[in-house]
Amino acid sequence: MPEHLVFSHHQITPLLAKDAVPVRSLSPDLGLSEIQVHRVSSGWAFPDGAILTEAQINLIHRDQKSCFVFVDGQLEKIETFSSRTNRYYSLIPTPGAPTMLISGIPMHRIKDTTPDKDTRQKLKALGKPFGRILDTATGLGYTAIMAAQTADLVVTIEFDPTVHEICRHNPWSAELFTRPNILPLIGDSADLVAAFPDGSFAAVIHDPPTFALAGAMYAFEFYQHLYRILKPGGRLFHYIGNPEKRYGATTGRGVVDRLSQAGFRVMAKPRAFGVLAVK
Numbered sequence: 081m082p083e084h085l086v087f088s089h090h091q092i093t094p095l096l097a098k099d100a101v102p103v104r105s106l107s108p109d110l111g112l113s114e115i116q117v118h119r120v121s122s123g124w125a126f127p128d129g130a131i132l133t134e135a136q137i138n139l140i141h142r143d144q145k146s147c148f149v150f151v152d153g154q155l156e157k158i159e160t161f162s163s164r165t166n167r168y169y170s171l172i173p174t175p176g177a178p179t180m181l182i183s184g185i186p187m188h189r190i191k192d193t194t195p196d197k198d199t200r201q202k203l204k205a206l207g208k209p210f211g212r213i214l215d216t217a218t219g220l221g222y223t224a225i226m227a228a229q230t231a232d233l234v235v236t237i238e239f240d241p242t243v244h245e246i247c248r249h250n251p252w253s254a255e256l257f258t259r260p261n262i263l264p265l266i267g268d269s270a271d272l273v274a275a276f277p278d279g280s281f282a283a284v285i286h287d288p289p290t291f292a293l294a295g296a297m298y299a300f301e302f303y304q305h306l307y308r309i310l311k312p313g314g315r316l317f318h319y320i321g322n323p324e325k326r327y328g329a330t331t332g333r334g335v336v337d338r339l340s341q342a343g344f345r346v347m348a349k350p351r352a353f354g355v356l357a358v359k
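Take any residue in the sequence shown, note its place counting from 1, add 80, and you have its number in my numbering.
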C-alpha cells in the first residue's frame, strides 16, 4: 500500500453503493493500483486499519474538482499558493492522470483526452527520446517520466518550487524523484538553458506556460540557445496550443517564424498541438 493515500471522486465511487458487499477494491493512488477495503460501521477500513469515514467519502464525492491526500485519518486537498509567482495551484482529477490548475488554467489538455494521453502525443511528435533530453518545463513531471523510459538522462527544469510540493503528493509524479535517470532542477529555464554547453542534448521538449505567463520562453534569444545546445540533427518539440483556436494560431505563427530564424527546420504537428523543429 502506498505511503500516502490519494483519492478523487473517480476512486471512491464504488464505496457509495448501497448494497451490503463487505469487501471492495479501491485505488489508493488515483488509479495506479488497487487494494481491498472492508466495510465497517463508520465507513471503510484499509489494510493498515485506517478508516475512511462515510462523511469523508461524501466530501470527496461532492468535490469533483479536487484530489485529496489521506493522512492520519484526515483528508487534505492537494492545493497550495506560491508567494514566488503569486499563483494558486491545485491538483484536479481526470479519468487518467490528474492535471494541475494554475490560477484556474489547466496545465494539460483534458477535453476528450487525459494528461497522460496528451503527454504521449507530444512524445510521439518528438520521436522516441534517446541520449540526453531536456524538458524545459517540469510541471507534474509526466513528460520527464515518460521520456526517461528510453532516454539515458532527462534534465527537467521547474521555475516554481511550489510545483514540486504538488508533485510530491501526486502518485503519478512519484518517479520524478525516484528514477535515477531524471535530474529535476529548480530555476529559470531562460537562465539555465543559456548556461548549458553547446551540443548538450539530443532532443528538447518545450511545453511552456502560455505566452502571457512566460514570454521569455517564446523569445528569439531563447530559441537560439535551444538550437545551440542541441546536437546536429537534434529535435525540439514545441507545444503551442490548439491551432484551430485564436491563441494557438496567432502564437503559432510567431513561434514558427522565430524558430526558423534561429536555424530550425519546422514541421507542424497539429495532433500534438505543436511543432517539431530539427537542427
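Ideal placement from N, C-alpha and C gives every residue a C-beta, glycine not left out.
- In the three-state reduction of the DSSP assignment, Gly123 falls in the strand class.
- Listed in chain order, the non-local C-beta contacts of Pro251 below 7 Å within the same chain comprise Pro82, Val86, Asp109, Leu110, Leu112, local neighbours out to five positions each way being set aside.
- A check of alpha carbon separations from Arg164 across Leu263, Asp152, Pro241 identifies Pro241 as the nearest.
- Contact check for His84 against Ile140 fails: the beta carbons are separated by 8 Å or more.
- Bridge partners of Leu306 according to DSSP: none are assigned.
- The alpha carbon of Asn138 has as its nearest neighbour, out of Asp128, Asp271, Ser122, the alpha carbon of Ser122.
- Per DSSP, reduced to three states, the secondary structure at Gly332 is helical.
- With contacts defined as CB atoms closer than 8 Å, Gly354 and Tyr303 fail to qualify as a contacting pair.
- Around the C-beta of Phe300, fewer than 16 other C-beta atoms lie within 10 Å, and the residue is accordingly described as exposed.
- Remark: C-beta atoms of Ile309 and Phe281 approach each other more closely than 8 Å.
- Around the Cβ of Phe148, a 10 Å sphere holds 16 or more other Cβ atoms; the residue is buried.
- The alpha carbon of Asn322 has as its nearest neighbour, out of Arg333, Pro175, Lys157, the alpha carbon of Arg333.
- For Glu156, the uninterrupted beta strand (DSSP E) segment begins and ends at 154 to 157.
- Per the C-alpha coordinates, the member of Asp287, Leu293, Ile92 positioned closest to Leu214 is Asp287.
- When secondary structure is reduced to three states using DSSP, Met347 falls in the strand class.
- Here DSSP, grouped into helix, strand and coil, assigns Ile182 to strand.
- Close CB contacts of Trp124 within its chain, under the 8 Å cut and outside five residues either way in sequence, are with Leu95, Arg104, Leu106, Val117, His118, Ile131, Leu132, Ile137 (chain order).
- If you draw a straight line from the Cα of Val358 to the Cα of Gly153, it comes to about 52 Å.
- Taking a cut-off of 8 Å for Cβ pairs, the segment 216 to 232 and the segment 178 to 195 touch, as three or more such pairs fall below it.
- The secondary-structure analysis by DSSP pairs Tyr222 with nothing; it has no beta-bridge partner.
- Going by DSSP, Glu255 is part of the alpha helix (DSSP H) stretching over 255 to 258.
- Rounded to the nearest whole angstrom, the CA to CA distance from Lys157 to Ile92 is 15 Å.
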